[in-house]
Structures are given as C-alpha cells and as structure tokens.
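> Got a structure for you, questions after.
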Amino acid sequence: MLKTPTHYTSKSPKTVILFVVLFSVVYLTMILQILPKVHTFNQGVNFLFAFLTICFFILSVVKDPGFIHNDGLSFSELIQTFDPMNLCPDCETIRTIRSRHCSICKKCVERFDHHCPWINNCVGIRNHNYFLAYIIFQWILLLDTIILTAVVAFDPDTFLPQSGRPLIFESPTVFYIGCVLVVGISLVFILMLTLLVSV
Ligand SMILES: [Zn+2]
Ligand SMILES: [Zn+2]
Numbered sequence: 134m135l136k137t138p139t140h141y142t143s144k145s146p147k148t149v150i151l152f153v154v155l156f157s158v159v160y161l162t163m164i165l166q167i168l169p170k171v172h173t174f175n176q177g178v179n180f181l182f183a184f185l186t187i188c189f190f191i192l193s194v195v196k197d198p199g200f201i202h203n204d205g206l207s208f209s210e211l212i213q214t215f216d217p218m219n220l221c222p223d224c225e226t227i228r229t230i231r232s233r234h235c236s237i238c239k240k241c242v243e244r245f246d247h248h249c250p251w252i253n254n255c256v257g258i259r260n261h262n263y264f265l266a267y268i269i270f271q272w273i274l275l276l277d278t279i280i281l282t283a284v285v286a287f288d289p290d291t292f293l294p295q296s297g298r299p300l301i302f303e304s305p306t307v308f309y310i311g312c313v314l315v316v317g318i319s320l321v322f323i324l325m326l327t328l329l330v331s332v
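Below you can see the structure in the form of structure tokens.
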C-alpha cells in the first residue's frame with residue numbers, strides 16, 4: 134500500500150558539495166603522496182581519467198536532462214486541447230509515453246531514468262550518455278587509484294629520499310594515513326557505483 138510521504142524532498146546541492154569535497158581530499162592526497170612515486174605513464178593515465186571524470190560529472194550536473202516545457206500555454210488552455218490523462222497536473226505540461234514527473238525537480242522529464250542526488254539532477258534523455266560516461270570513467274579512476282596506492286604502499290623503495298619534497302610527505306605515518314584515506318573512500322565509491330549499475 135502506498136504511503137503518503139511525511140516530507141517532500143527538494144533539490145539540494147549538499148550531496149554534490151560532499152562529492153566535490155571527498156573527490157578533492159582523495160585527489161589532493163594522490164597528487165601529494167602517491168603520484169610522485171609512480172611512473173610518468175601511470176601518472177598520465179590517472180590524470181586523464183580524473184580529467185574525463187570531472188568533465189562528464191560537470192556535464193551531468195549542468196545539462197538539462199530533458200525537462201518538458203509547456204510552451205507558455207496555461208493549464209486551462211492545455212485541458213481544452215489535450216486529453217487530461219496526457220497532462221501532468223503538477224508541472225502543467227503534456228506527458229509523453231516515456232516521460233515521468235520527478236517530485237524532487239518538480240518537472241516532467243523525457244525518458245526519465247532516475248533522480249540522482251550525487252549530481253543533484255535527473256538522468257533523462259539529454260544527459261543519460263554523459264551520466265553513463267561519468268560512471269564508467271569514475272569507476273576506472275577509482276580502480277586505478279586503488280591499484281596505484283596499493284603498489285606504492287607495498288613498494289620497499291617508497292621511503293627512499295626524494296629531492297625537493299617537504300619532509301612531512303616523507304613521514305611514514307602521514308603516508309599511511311593518506312593511503313587508508315584514499316583506499317577507504319575509493320572502495321566505498323566503487324562499491325556504490327557497482328551496486329548502481331548492477332540494479
Ligand atoms: Zn510533471
Ligand atoms: Zn529530478
């Protein structure tokens with residue numbers, strides 16, 4: 134039996150901000166502690182996937198997912214012209230076969246997939262491909278990040294002195310805290326993404 138929601142959710146950038154903070158913490162630790170200890174080729178690959186992940190994340194956030202607009206017609210005009218069954222009373226637009234009303238965005242979305250709080254946007258006809266590309270590149274980046282961190286953490290040469298680096302980055306305690314942080318956050322995200330695509 135359907136229950137009446139106790140509160141209505143509205144759009145909020147909180148989860149996007151949380152994502153940006155966690156991504157920055159992980160990537161800053163990577164830049165300061167892990168990447169300087171890996172081969173230039175591996176650095177380049179990691180930078181490339183980070184760049185692609187950020188690009189497709191931004192596109193997924195800012196792109197109109199396919200909101201349906203009513204072309205300036207009032208709801209009473211729409212009711213006189215169309216079958217009321219084909220109209221959405223919430224956002225006062227014409228429904229299509231594959232559109233669905235998002236109660237968070239408060240708009241109908243063409244080829245609605247789901248509302249994703251991580252991008253604070255719906256996933257629909259116009260941003261579905263960007264979202265898919267973001268998920269794929271993010272997944273690869275997380276896997277690459279975990280592998281690089283593990284390789285560096287277990288490398289016996291990790292603490293050989295490197296010229297020009299502040300001493301704090303040569304401290305084993307600081308280094309291993311960074312490794313746990315990077316791997317911990319990456320594992321949580323890779324698990325969430327795997328669950329998302331397998332549902
Ligand atoms: Zn609607
Ligand atoms: Zn939505």
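Quick note: the sequence shown, position 193, residue 326 per this note's numbering, numbers continuous.
Quick reminder that beta carbons are idealized off the backbone N, C-alpha and C, glycines included.
Across which residues does DSSP place residue 220 in a beta bridge pair?
Answer is 227.
> Roughly how many angstroms separate the alpha carbons of residue 173 and residue 179, rounded to a whole number?
Answer to the nearest angstrom: the Cα atoms are 10 Å apart.
> State yes or no: is the C-beta of residue 162 within less than 8 Å of the C-beta of residue 314?
Yes, Cβ-Cβ distance for residue 162 and residue 314 is below 8 Å.
> Just checking, does the region 207-217 make contact with the region 249-257 on the three C-beta pairs under 8 Å criterion?
The region 207-217 is not in contact with the region 249-257.
> Of the residues 331, 328 and 187, which one's Cα is nearest the Cα of residue 266?
Comparing Cα positions, the closest option is 187.
> According to DSSP, simplified to helix, strand and coil, what is residue 146?
DSSP places residue 146 in coil when its eight states are reduced to three.
> So, does the region 217-235 touch the region 184-202, judging by three or more C-beta pairs under 8 Å?
The region 217-235, when compared against the region 184-202, does touch it at the 8 Å Cβ threshold.
> Could you check what DSSP says for residue 188 in three-state terms: helix, strand or coil?
Three-state result, residue 188: helix.
> For residue 271, does the count of other Cβ atoms within 10 angstroms reach 16, so buried, or fall short, so exposed?
The residue in question, residue 271, is buried, as its Cβ has 16 or more Cβ neighbours within 10 Å.
> If you drop the 5 nearest sequence neighbours on each side, which residues of the same chain put their C-beta closer than 6 Å to that of residue 146?
Taken in chain order, the residues that qualify are 253.
> Contact check, residue 329 vs residue 171 under 8 Å by CB: the rounded distance?
Going by Cβ atoms, the distance from residue 329 to residue 171 rounds to 29 Å, so no, they are not a contact pair.
> How about residue 243 and residue 228: do their beta carbons lie closer than 8 Å?
No.
> Please confirm whether any heavy atom of ligand 4 lies closer than 7 Å to the CB of residue 249.
Ligands displayed in this structure: ligand 1 and ligand 2; ligand 4 is not among them.
> Can the beta-carbon of residue 143 be found closer than 8 Å to that of residue 237?
Taking 8 Å as the Cβ cut-off, residue 143 and residue 237 qualify as a contacting pair.
> I'd like the list of long-range same chain contacts for residue 247, defined as Cβ closer than 7 Å, with 5 residues on each side in sequence excluded.
So the qualifying residues of the chain are 256.
> Keeping to the same chain, check which residues put their C-beta closer than 6 Å to that of residue 226; ignore five residues upstream and five downstream.
Answer for residue 226: 201, 203 and 241, listed in chain order.
> Does at least one heavy atom of ligand 2 sit under 7 Å from the Cβ of residue 188?
Flag unset: Cβ of residue 188 not near ligand 2.
> Using only the heavy atoms of ligand 2, determine whether one of them is closer than 7 Å to the beta carbon of residue 77.
Past the edges of the chain, shown from 134 to 332, lies residue 77, and the structure says nothing about it.
> Would you kindly work out how many angstroms separate the C-alpha atoms of residue 273 and residue 285, rounded to a whole number?
Each residue's Cα considered, the two are about 18 Å apart.
> Under 7 Å from any heavy atom of ligand 1, does the C-beta of residue 97 make it?
Limits of the chain in this structure are 134 at one end and 332 at the other, which puts residue 97 out of reach.
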